[in-house]
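First comes the structure, then the notes that go with it.
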Amino acid sequence: MALPVCAARALGPPLQPERGAPARPTCPRRHSRVEAELAASRPGSAAASVRAGPPRGVSRGFNSQALLDEPPKASSSLAGAARAPLFALLPRGRRRRMHDLRRRWDLGSLCRALLTRGLAALGHSLKHVLGAIFSKIFGPLASVGNMDEKSNKLLLALVMLFLFAVIVLQYVCPGTECQLLRLQAFSSPMPDPYRSEDESSARFVPRYNFSRGDLLRKVDFDIKGDDLIVFLHIQKTGGTTFGRHLVRNIQLEQPCECRVGQKKCTCHRPGKRETWLFSRFSTGWSCGLHADWTELTSCVPAVVDGKRDARLRPSRNFHYITILRDPVSRYLSEWRHVQRGATWKASLHVCDGRPTSEELPSCYTGDDWSGCPLKEFMDCPYNLANNRQVRMLSDLTLVGCYNLSVMPEKQRNKVLLESAKSNLKHMAFFGLTEFQRKTQYLFEKTFNMNFISPFTQYNTTRASSVEINEDLQKRIEGLNFLDMELYSYAKDLLQRYQFMRQKEHQEARRKRQEQRKFLKGRFLQTHFQSQSQGQRQNPSQNPTPNAGQNGTPNLIPNLTQSSGQNLSRKENRESRKQNPGQEQGEDNTSNGTNDYIGSVEKWR
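Numbering-wise (the numbering used here), the sequence shown opens with residue 203 and increments by one.
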């Protein structure tokens, strides 16, 4: 520990640090007057200890300017009794801290020395290893053992660059899922982005006989006109993700304006302040929370054109779309959602012009049904989660809305299922959560609108994390037997995908054939024109008689004017008999045509 400034001045010249010890600033803490006087009363021992300097690594009380004036002095001989009197004056805690600081200083120097020696040894080893490898490969052409200093530095720089690249790659792309580490992309061809997600065969035997009109769904949606897309959002079917795709992921002339922190986006038509999309993320729940088919068909026209006079209302086309999901997965997902506190109390359940939510009994008492077990969720006979997809897609006015006493249960279920199937088949578009790429393809082909980025198929959801046995699964399927039948119908109706893909391939094949015919006609026209010009320039070399002398029509002008039309068999025979030179020319022409068509096919 160094003495204060007053004591240092009394002792004489400035203190000197050890050789190689860094200069330290003056300690802000002052010694007491007793310590200064005691140090001054012992000029021999105190001066010697002070001039020797404090312990290595903790000297902070001397003046650093003396380093420039006086040479450093060794302190190894003054480490004993000369330093002890001054060191004994310090408190025990301060002495312990000084000892720890000196030990840490020594450990740091040791680590730096070991690191330096290790790097040097590593470079030396790499030099010899690479030298041996190059000498094995190149033999006398390369002698790495006699590499000069520049080559050593270059080799070390390359090794360090490689290690740095490996570290950066591991930081940017951890794990095996990184796209940069997938070597299959370089060896295998580009897969079809619309392939089957379940890896099943594209060809299957359908259960239902759909007509051509049922399979070929293509609507003439005019976004600049008055047409409107209405999204029927069924709970826990992936409708939230699809709804975001509609407002954020479509290539439009005037994209939707989505502000940060707001759920709703403004989706106006080009040049108009009118929306083309009726959904949760564009207009909100204007017809109630998760409105069904019965509510939307009676509510949407009134909401969109309610403020206009009936004579001024445009004739709109309402294109309804929806998303379906596997009933068991959707049921388990809704149960987990209810466990977290979801109630959907804001749903109006409007049917036949009046709200019927009060007529529906509740399955729980209290604010919500959070924390309910799966058995309790399935035991409630009034649970709206049972057959929810059929109920929300059917016309409830056909069965007396939610009044179960209108008709027998068996007849009611049959009417609801047939109504849901009919509405689903006549919808402009529907998709399945388990087939995201097919859903994207069908929407793009139906509305002639393209998405910016492809859909992602998520196979791991909250419902998939629920482990149920076979008995529970059969019971859930029994509670949702109408949804199971509707989902099977929807999967069969999804052969629209195969039908539309087939139509697309046929259209592409037809275009290629038309292009070949066009190229063939152009070639024949160009060839006959050049041939006729050559005959006009060299009339003496052409033995073909005049058309007026033989009574035979001249073929070349006719072929030139008709742009390569075919001759009849009779005219061909007469021309070959009377014009043997022309027969040879036509043979050459056919050979040239075949060669040209062959070259075109090879190029394609």
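Glycine included, each C-beta is placed from N, C-alpha and C at the ideal position. In this text, all values refer to a predicted model and were calculated from it rather than measured experimentally.
In this structure, C458 sits away from T442, with a CB-CB distance that is not shorter than 9 Å. Shown here for V617: same chain residues with a beta carbon closer than 6 Å to its own, the five before and five after excluded, namely L600 and V601 in chain order. Collapsing the DSSP output to three states places C313 in a helix.
Under the three-state reduction of DSSP output, T524 falls in the strand class. Ranked by Cα distance from F683, the first of N589, G415, I335 and F579 is N589. For the pair of segments examined, the region 568 to 580 was found to touch the region 538 to 545: the number of CB pairs separated by less than 8 Å reaches three.
Taking all protein chains in view, the Cβ of A334 is surrounded by fewer than 16 other Cβ atoms within 10 Å, so the residue is classified as exposed.
Below 8 Å, too few C-beta pairs join the region 659 to 675 and the region 561 to 571 to call them touching: fewer than three.
Relative to the Cα of L324, the nearest Cα in the group R298, G295 and M362 belongs to M362. Here the alpha carbon of N652 sits roughly 16 Å from the alpha carbon of I523. Listed as beta-bridge partners of R556 by DSSP are C553. In this structure, the beta-carbon distance from A630 to I431 falls below 9 Å. Between the alpha carbons of S734 and T641 lies a distance of about 58 Å. It is roughly 59 Å from the alpha-carbon of L316 to the alpha-carbon of G440.
In the structure shown, V361 falls within a helical segment according to DSSP collapsed to helix, strand and coil. DSSP places V432 in the uninterrupted beta strand (DSSP E) bounded by L430 to L434. A692 counts as buried, since no fewer than 16 other beta carbons sit within 10 angstroms of its beta carbon.
In this structure Q591 is in contact with L688, their Cβ atoms being roughly 6 Å apart against a cut-off of 8 Å. In the DSSP assignment, L479 forms a beta bridge with I431. Rounded to whole angstroms, the gap between the alpha carbons of S624 and L595 is 9 Å. Here the alpha carbons of G463 and D685 stand approximately 36 Å from one another.
If you draw a straight line from the Cα of W478 to the Cα of L598, it is about 27 Å long. Residue burial annotation: Q659 is exposed, with fewer than 16 other C-beta atoms found within 10 angstroms of its C-beta. Non-local beta-carbon contacts of T318 in its own chain, meaning distances under 7 Å to residues more than five positions away in sequence, are absent. Distance from C489 to V505 at the Cβ level is roughly 6 Å; contact confirmed, criterion being Cβ atoms closer than 8 Å. Secondary structure at F637: coil, using DSSP grouped into helix, strand and coil.
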